[in-house]
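S.K.: First the structure, which I've put down as structure tokens, then a few questions once you've had a look.
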């Protein structure tokens, strides 16, 4: 799993 | 967007409307921690700065962000100005520096990029995780709550809880994508509601008043 900042969440 | 997140966001919206309804109909903000509400303003303002940086996601996303910023400020207006006499600071005694200090340090250490926006984003995530503490502390101190206030807290708790299956769903449908900062903070945040939900389910939903054992 790659750490990614989920930009579409509130 | 998946169903978990949609219902979570709707539950978050509902919580705000429940809180507004409580304040407007009782013409009082008794039982509501203004410290928690101030922290939410800070959470939304620091997280949604991306509204102004051109990182457009969707109309839904932008409208929700604007709503959360606007409604949280409006709630402060109601508590600080319109219904000020019903606000009792003597029971809202959680020290904000215990929250702001550690979350600011965490954000400076654990962030995805050491830039102004990313540090503030991480700060808002950590801050949201613990922003409910002054409210829960106040509940603990008074040992009771109006039923409508407990519905507000339940809707907030459901919102946070549903983000967890949302992340699990996303992990499997989006090729192992994981946002560790959001996930760890989200699990902590949800865990803070466990005690509350125990009383909510065993008392409030059985038609009794929310009262903590003495």
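Protein chains in written order, with the working numbering: chain A, 136 to 145; chain B, 83 to 296. Glycine included, each C-beta is placed from N, C-alpha and C at the ideal position. As the structure is a prediction and not an experimental result, all values here were calculated from the model.
When you compare the region 166-175 of chain B with the region 108-121 of chain B, are there three or more beta-carbon pairs, one atom per stretch, that lie closer than 8 Å?
M.R.: Short answer: they touch.
S.K.: Which residues mark the beginning and the end of the alpha helix (DSSP H) in which residue 217 of chain B is found?
M.R.: Its alpha helix (DSSP H) spans residues 215-224.
S.K.: Identify the contact partners of residue 220 of chain B in chain A, using a Cβ-Cβ distance below 8 Å as the criterion.
M.R.: Those within 8 Å of residue 220 of chain B in chain A number zero; the least Cβ separation is about 26 Å.
S.K.: Could you tell me which residues DSSP pairs with residue 293 of chain B in its beta bridges?
M.R.: B:226.
S.K.: Note down, in chain order, each residue of its chain lying with its Cβ closer than 8 Å to the Cβ of residue 261 of chain B, except the 5 sequence neighbours on either side.
M.R.: 249.
S.K.: In chain A, which residues lie with their C-beta within 8 Å of the C-beta of residue 143 of chain B?
M.R.: Result: 143, 145.
S.K.: How would you label residue 172 of chain B, buried or exposed, when you count the other beta carbons within 10 angstroms and need 16 or more for buried?
M.R.: It is exposed - the Cβ of residue 172 of chain B has fewer than 16 other Cβ atoms within 10 Å.
S.K.: Among the candidates B:121, B:101, B:200, B:187, whose CA atom is the shortest distance from the CA of residue 213 of chain B?
M.R.: Nearest of B:121, B:101, B:200, B:187 to residue 213 of chain B, Cα basis: B:121.
S.K.: Just to confirm, does residue 143 of chain B get its C-beta within under 7 Å of one of the non-hydrogen atoms of the ligand FMN?
M.R.: Among the components of this structure there are no ligands whatsoever, and the ligand FMN is therefore not found.
S.K.: If you draw a straight line from the C-alpha of residue 86 of chain B to the C-alpha of residue 140 of chain A, how long is it?
M.R.: Cα-Cα distance, rounded: 19 Å.
S.K.: For the region 147-173 of chain B, which residues have a beta carbon sitting closer than 9 Å to at least one beta carbon of chain A?
M.R.: Within the region 147-173 of chain B, the qualifying residues are 147, 150.
S.K.: Sorted by chain position, which residues of the same chain lie with C-beta nearer than 7 Å to residue 233 of chain B's C-beta, five sequence neighbours on each side aside?
M.R.: These residues qualify, in order along the chain: 100.
S.K.: Report yes if the CB atom of residue 278 of chain B is closer than 8 Å to the CB atom of residue 215 of chain B, and no otherwise.
M.R.: Against a cut-off of 8 Å, the Cβ pair of residue 215 of chain B and residue 278 of chain B comes out as no contact.
S.K.: Identify the contact partners of residue 194 of chain B in chain A, using a Cβ-Cβ distance below 9 Å as the criterion.
M.R.: Near residue 194 of chain B (Cβ distances below 9 Å), the residues of chain A are 138, 139, 140.
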